[in-house]
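Trainee:
Protein chains: 2
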Amino acid sequence: MVTINENYGKLRGNYLFSEIARRVAAYGQAHPEQRIIRLGIGDVTQPLAPAVIDALNRAVAEMGTAEGFRGYGPEQGYEFLREAIVKEDYGKRGCDVSADEIFISDGAKCDVGNIQEIFGQDNLVAVCDPVYPVYVDTSVMAGRTGDFNLRTGSYDKLVYMPCTEENGFVPALPDRTPDLIYLCFPNNPTGAAITKDALQEWVDYANRNGSVILYDAAYEAYIAREEIPHSIYECSGARTCAIEMRSFSKNAGFTGLRLGFTVVPKELVRGGVSLRDLWARRHGTKYNGAPYIVQRAGEAVYSKEGKAQLKEQISVYQENARVIREGLLDAGYTVYGGIDAPYIWLKTPAGTTSWQFFDQLLERVQVVGTPGEGFGAHGEGYFRLTAFGTPENTKEALERIRKL
Amino acid sequence: MVTINENYGKLRGNYLFSEIARRVAAYGQAHPEQRIIRLGIGDVTQPLAPAVIDALNRAVAEMGTAEGFRGYGPEQGYEFLREAIVKEDYGKRGCDVSADEIFISDGAKCDVGNIQEIFGQDNLVAVCDPVYPVYVDTSVMAGRTGDFNLRTGSYDKLVYMPCTEENGFVPALPDRTPDLIYLCFPNNPTGAAITKDALQEWVDYANRNGSVILYDAAYEAYIAREEIPHSIYECSGARTCAIEMRSFSKNAGFTGLRLGFTVVPKELVRGGVSLRDLWARRHGTKYNGAPYIVQRAGEAVYSKEGKAQLKEQISVYQENARVIREGLLDAGYTVYGGIDAPYIWLKTPAGTTSWQFFDQLLERVQVVGTPGEGFGAHGEGYFRLTAFGTPENTKEALERIRKL
Chain V
1 MVTINENYGK
11 LRGNYLFSEI
21 ARRVAAYGQA
31 HPEQRIIRLG
41 IGDVTQPLAP
51 AVIDALNRAV
61 AEMGTAEGFR
71 GYGPEQGYEF
81 LREAIVKEDY
91 GKRGCDVSAD
101 EIFISDGAKC
111 DVGNIQEIFG
121 QDNLVAVCDP
131 VYPVYVDTSV
141 MAGRTGDFNL
151 RTGSYDKLVY
161 MPCTEENGFV
171 PALPDRTPDL
181 IYLCFPNNPT
191 GAAITKDALQ
201 EWVDYANRNG
211 SVILYDAAYE
221 AYIAREEIPH
231 SIYECSGART
241 CAIEMRSFSK
251 NAGFTGLRLG
261 FTVVPKELVR
271 GGVSLRDLWA
281 RRHGTKYNGA
291 PYIVQRAGEA
301 VYSKEGKAQL
311 KEQISVYQEN
321 ARVIREGLLD
331 AGYTVYGGID
341 APYIWLKTPA
351 GTTSWQFFDQ
361 LLERVQVVGT
371 PGEGFGAHGE
381 GYFRLTAFGT
391 PENTKEALER
401 IRKL
Chain P
1001 MVTINENYGK
1011 LRGNYLFSEI
1021 ARRVAAYGQA
1031 HPEQRIIRLG
1041 IGDVTQPLAP
1051 AVIDALNRAV
1061 AEMGTAEGFR
1071 GYGPEQGYEF
1081 LREAIVKEDY
1091 GKRGCDVSAD
1101 EIFISDGAKC
1111 DVGNIQEIFG
1121 QDNLVAVCDP
1131 VYPVYVDTSV
1141 MAGRTGDFNL
1151 RTGSYDKLVY
1161 MPCTEENGFV
1171 PALPDRTPDL
1181 IYLCFPNNPT
1191 GAAITKDALQ
1201 EWVDYANRNG
1211 SVILYDAAYE
1221 AYIAREEIPH
1231 SIYECSGART
1241 CAIEMRSFSK
1251 NAGFTGLRLG
1261 FTVVPKELVR
1271 GGVSLRDLWA
1281 RRHGTKYNGA
1291 PYIVQRAGEA
1301 VYSKEGKAQL
1311 KEQISVYQEN
1321 ARVIREGLLD
1331 AGYTVYGGID
1341 APYIWLKTPA
1351 GTTSWQFFDQ
1361 LLERVQVVGT
1371 PGEGFGAHGE
1381 GYFRLTAFGT
1391 PENTKEALER
1401 IRKL
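Residue numbers (the numbering used here), protein chains in the order written: chain V, 1 to 404; chain P, 1001 to 1404.
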């Protein structure tokens, strides 16, 4: 008799964004006359850039000819894309990363969960609190967290690293030493950035303890300040302790096109085994590559035209972030994030929980955000708005919120 | 200190096709003057059909406009595609499958491995021998097989179901009752098909024992005979014991475009838990959907033009299969498969192992096939050729082999 993976039973409620979608759909059905503005989920709104569209068109045309057709691609991804990444994302920032350390995938979300498979079952996992739920949920599903403790509101075996106003939403080194450390900077959901010095402390800590940092750099394109590192490999010693995940979703609007990558340096060895080789084996056995046409689209992101167009695209979202941030400040809210990140993290009014604030915004002014509690216990009392809406909707949402 | 997943150390050698690629590359470098014909890996050679290209072009154009742009898609896949699948793949064959039981993915290879995650660690896995290596390797990586036993040439805890000339390459019900049973028909690598009556026996067996059949139907488009079922859901009772995986790779040439799906019926419940709901949770948490443009391409596969064009495309590969099959028979080989499947399974000459035959074909006539031993112990003495080459290459390969 088949048994099921009992760890799924330890998951808390639905995946956050499914729950939000459910509440919004229910409200929309009850009030079809209301125009809802969505600043909740981190989905982009601007169309793909012309350079990306051109690359897709060329690649689609190739696929329709006997000479140009491409079937299964190279297991790690096409070299043209990996080489562009090495040069543009790493070489230009002085990071030592080579093409055979890059694994093209269909997105960072898949990679941040799947990467756990190459590690032993008993590794202790650390996450920020609040945190992108996927790190926690995939750890639960893999049986690495133990049970959810209703009294403490946390998983018994998970190390939570509080991100608070006091520490500027950059966690302190944890008391219990974790084996796997999820870090995401610029941060989702708080919008906080980490300085190079602070990140260097984490790298040194991981190297001292033999831990591995799983560094989610999906929002690096939004970094505005000079002193903020775009990659963990800007820190010295990161090649012996860090795996970095990147996405094309937020820098190039690929949320519906699906492309990302993971970097596993060759120096990353544990128990005498190369983690790069383990991931190569996992990637080659359980995955079959991103579509050729999408990899060509990814290549276009690094072209001269692509870079210029996407700079423009990101500046629209950065301006949204400014509008949200300053609008909220004007309206008397306490606000974080939104400078080096597309997320604004606001404090809910005193006495209002984050889900209450969610319902208020939805029901009174028809604006959808994300309740901080959905990101963890330390997210309670906060609320996330994203800068990925259209400029018109973003401005209108802020006007509505100011009337609240 | 991080520990690694020790199960990876139990994997045997490289993934089969990586090893083949290595040998072919080495030969090619040493003999650059030779033209190598590849009938090894199951990759298609015909370009995407015009209806598919049109759909891609339309979808790419949409993605370049503010109105047509699509970001994150629905978690299970777009309804337009799931509804087309329900109607064309299942409804027309009298199979009761609904759109909310279909999960669109980036290919069957990913799904056949990932599906294991929703099951308990201790489930006993059964595979055919010979077998598509991914079922075995993903079971090893998940720690479900125990160690590889050099004396027996098999994994201690894996149930092997021999597929031999004697049983027509359709396995007998196993002695030890497995929990998870991988079946693939039409079969890779043997090219064998299963009759509806024989498949019904498996369904009844699984229902009697509470086992779950993981049915890989990636090659159903090649079925030529009336009595061969295209889906396991043609058997009565399959909805309480079977998960079916399908691919667009072989019926529509999507090997480089990446699209597939998995069906998990709502009646599939174990330990009081719906497997459909578990898979929905896994899919929503660890995956972010196939690209919108690729899902539109998939929809076009079911259009009137698409169906006509793809019937033509498949008939080219079917004709290749006939050429290989009859050519080999003429040359005195014993040959199986190639009637309801794109794979031909030939017996290697007496006294020649399958890797020896691989090297002979490569070195003497520059034809690449796949050694049966790479698919399992019972694959020794056999060799797989695929019908996915171009007609010209296929004919020339057979002329060369006849001169061997």
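All C-beta atoms in this analysis are idealised placements derived from N, C-alpha and C, irrespective of residue type, glycine included.
Check for me: the alpha helix (DSSP H) holding Val-60 of chain V runs from which residue to which?
Mentor: Looking at the DSSP string, the run of the alpha helix (DSSP H) that includes Val-60 of chain V is 50-63.
Trainee: Any Cβ of chain P within less than 8 Å of the Cβ of Asp-156 of chain V?
Mentor: Taking Cβ atoms only, chain P never reaches closer than 8 Å to Asp-156 of chain V, which makes this a no.
Trainee: For Asp-1379 of chain P, which option in P:Ala-1030, P:Val-1097, P:Glu-1165 has the closest C-alpha, if you only look at C-alpha atoms?
Mentor: The question names Asp, yet the displayed sequence has Gly at residue 1379 of chain P. It is P:Glu-1165 whose Cα lies nearest to the Cα of Gly-1379 of chain P.
Trainee: Go through the segment 336-369 of chain V residue by residue and report every complete run of the alpha helix (DSSP H) that reaches 4 residues or more, in order.
Mentor: Listed in chain order, the complete alpha helix (DSSP H) runs (minimum 4 residues) inside the segment 336-369 of chain V are 354-365.
Trainee: Please list, in chain order, all residues of the same chain as Ser-247 of chain V whose beta carbon is under 7 Å from its beta carbon, the five residues on each side excluded.
Mentor: Closer than 7 Å at the Cβ level, and outside the excluded window around Ser-247 of chain V, lie Gly-107, Ala-108, Ala-218, Gly-260.
Trainee: Does the CB of Asp-43 of chain V have a neighbour CB from chain P at under 8 Å?
Mentor: So yes, Asp-43 of chain V belongs to the interface.
Trainee: Please name the residue, chosen from P:Ala-1397, P:Lys-1403, P:Asp-1096, P:Arg-1038, that lies closest to Glu-1244 of chain P on a Cα-to-Cα basis.
Mentor: Here the closest residue by C-alpha is P:Asp-1096.
Trainee: Report yes or no: is there a C-beta of chain V within less than 8 Å of the C-beta of Cys-1184 of chain P?
Mentor: No, because no Cβ of chain V sits closer than 8 Å to the Cβ of Cys-1184 of chain P.
Trainee: DSSP three-state call for Thr-386 of chain V: helix, strand or coil?
Mentor: It is a strand residue.
Trainee: Report yes or no: is there a C-beta of chain V within less than 8 Å of the C-beta of Phe-1069 of chain P?
Mentor: Yes, contact with chain V.
Trainee: For Cys-235 of chain V, which residues of its own chain have a beta-carbon under 6 Å away from its beta-carbon, when the five flanking residues on both sides are left out?
Mentor: Cβ within range, chain order: Leu-199, Gln-200, Val-203.
Trainee: Roughly how many angstroms lie between the CA atoms of Cys-1128 of chain P and Ala-1025 of chain P, to the nearest whole one?
Mentor: Their backbone Cα atoms lie some 30 Å apart in a straight line.
Trainee: Can you tell me the Cα-Cα spacing of Ala-1224 of chain P and Arg-144 of chain V, whole angstroms?
Mentor: Going by the C-alpha atoms only, they are around 48 Å apart.
Trainee: Taking Cβ-Cβ distances shorter than 9 Å, what residues in chain V pair up with Arg-1239 of chain P?
Mentor: Chain V residues near Arg-1239 of chain P: none, gap ~15 Å exceeds 9 Å.
Trainee: Along chain V, which residues have their Cβ under 9 Å away from the Cβ of Ile-1053 of chain P?
Mentor: Within 9 Å Cβ-Cβ: Val-60, Ala-61, Met-63, Gly-64.
Trainee: Mind listing the chain B neighbours of Val-2 of chain V? Cutoff is C-beta to C-beta under 7 Å, in chain order.
Mentor: Judged by its chain identifiers, the structure shown contains no chain B, and its protein chains are V and P.
Trainee: Under three-state DSSP, which class holds Asp-129 of chain V?
Mentor: The answer is strand: DSSP assigns Asp-129 of chain V an E or B state.
Trainee: For a cutoff of 8 Å on Cβ pairs, would you count Thr-1285 of chain P as touching chain V?
Mentor: So, interface residue.
Trainee: Exposed or buried, which one is Asp-1111 of chain P when buried takes at least 16 other CB atoms within 10 Å?
Mentor: Buried, because 16 or more other Cβ atoms sit within 10 Å of the Cβ of Asp-1111 of chain P.
Trainee: Compute the Euclidean distance between the alpha carbons of Arg-429 of chain V and Tyr-78 of chain V, then round it to the nearest angstrom.
Mentor: This structure does not reach residue 429 of chain V, given that chain V is present from 1 up to 404, and the question cannot be answered.
Trainee: Using a Cβ-Cβ cut-off of 8 Å (strictly less than) and excluding sequence neighbours within five positions of Arg-1322 of chain P, which residues of its own chain qualify?
Mentor: Result list for Arg-1322 of chain P: Gly-1338, in chain order.
Trainee: For Val-136 of chain V, which option in V:Asp-156, V:Glu-363, V:Lys-307 has the closest C-alpha, if you only look at C-alpha atoms?
Mentor: Ranking V:Asp-156, V:Glu-363, V:Lys-307 by Cα distance to Val-136 of chain V puts V:Asp-156 first.
Trainee: Starting from Arg-1246 of chain P, trace the beta strand (DSSP E) in both directions and tell me its first and last residue.
Mentor: Where Arg-1246 of chain P is concerned, the enclosing beta strand (DSSP E) stretches over 1242-1247.
Trainee: Output the distance between the C-alpha atoms of Ala-142 of chain V and Asn-5 of chain V, rounded to the nearest integer angstrom.
Mentor: About 9 Å.
Trainee: Quick check on Leu-329 of chain V - is its C-beta less than 8 Å from some C-beta in chain P?
Mentor: No, Leu-329 of chain V lies away from the interface with chain P (no Cβ there is under 8 Å from its Cβ).
Trainee: Quickly, what does DSSP pair Pro-162 of chain V with across the bridge? List them, please.
Mentor: In DSSP, Pro-162 of chain V forms a bridge with V:Asp-129.
Trainee: Run down chain P in chain order and give the residues with a C-beta less than 9 Å from the C-beta of Asp-340 of chain V.
Mentor: Near Asp-340 of chain V there are no residues of chain P at all, since even the closest Cβ is about 22 Å away, more than 9 Å.
Trainee: Taking the straight line between their C-alpha atoms, what separation do you get for Arg-1384 of chain P and Val-1159 of chain P?
Mentor: If I take the Cα positions, the gap works out to 23 Å.
Trainee: Which chain P residues sit within Cβ distance under 7 Å of Val-294 of chain V?
Mentor: Per Cβ cutoff of 7 Å: Pro-1291.
Trainee: Name the two residues that bound the continuous beta strand (DSSP E) containing Cys-1184 of chain P.
Mentor: That run of the beta strand (DSSP E) goes 1180-1184.
Trainee: On the three-pair Cβ rule with 8 Å, is the segment 1035-1055 of chain P touching the segment 1362-1377 of chain P?
Mentor: Contact holds: three or more Cβ-Cβ distances are below 8 Å.
Trainee: Do we get a CB-CB distance below 8 Å when we pair Val-264 of chain V with the residues of chain P?
Mentor: False, the Cβ-Cβ gap to chain P never drops below 8 Å.
Trainee: Just mark Ala-126 of chain V as buried or exposed, buried being the case when its beta carbon has 16 or more other beta carbons within 10 Å.
Mentor: Label assigned to Ala-126 of chain V: buried.
Trainee: List the whole-angstrom C-beta distance separating Gly-13 of chain V from Glu-19 of chain V, where the pair is believed to meet the contact cut-off of C-beta under 8 Å.
Mentor: About 6 Å separates the two Cβ atoms, so the contact holds.
Trainee: In chain V, what lies closer than 7 Å to Val-1134 of chain P by C-beta?
Mentor: Within chain V, the residues near Val-1134 of chain P are Thr-285.
Trainee: Does the Cβ-Cβ distance between Tyr-333 of chain V and Thr-190 of chain V come in under 8 Å?
Mentor: Cβ atoms of Tyr-333 of chain V and Thr-190 of chain V: not closer than 8 Å.
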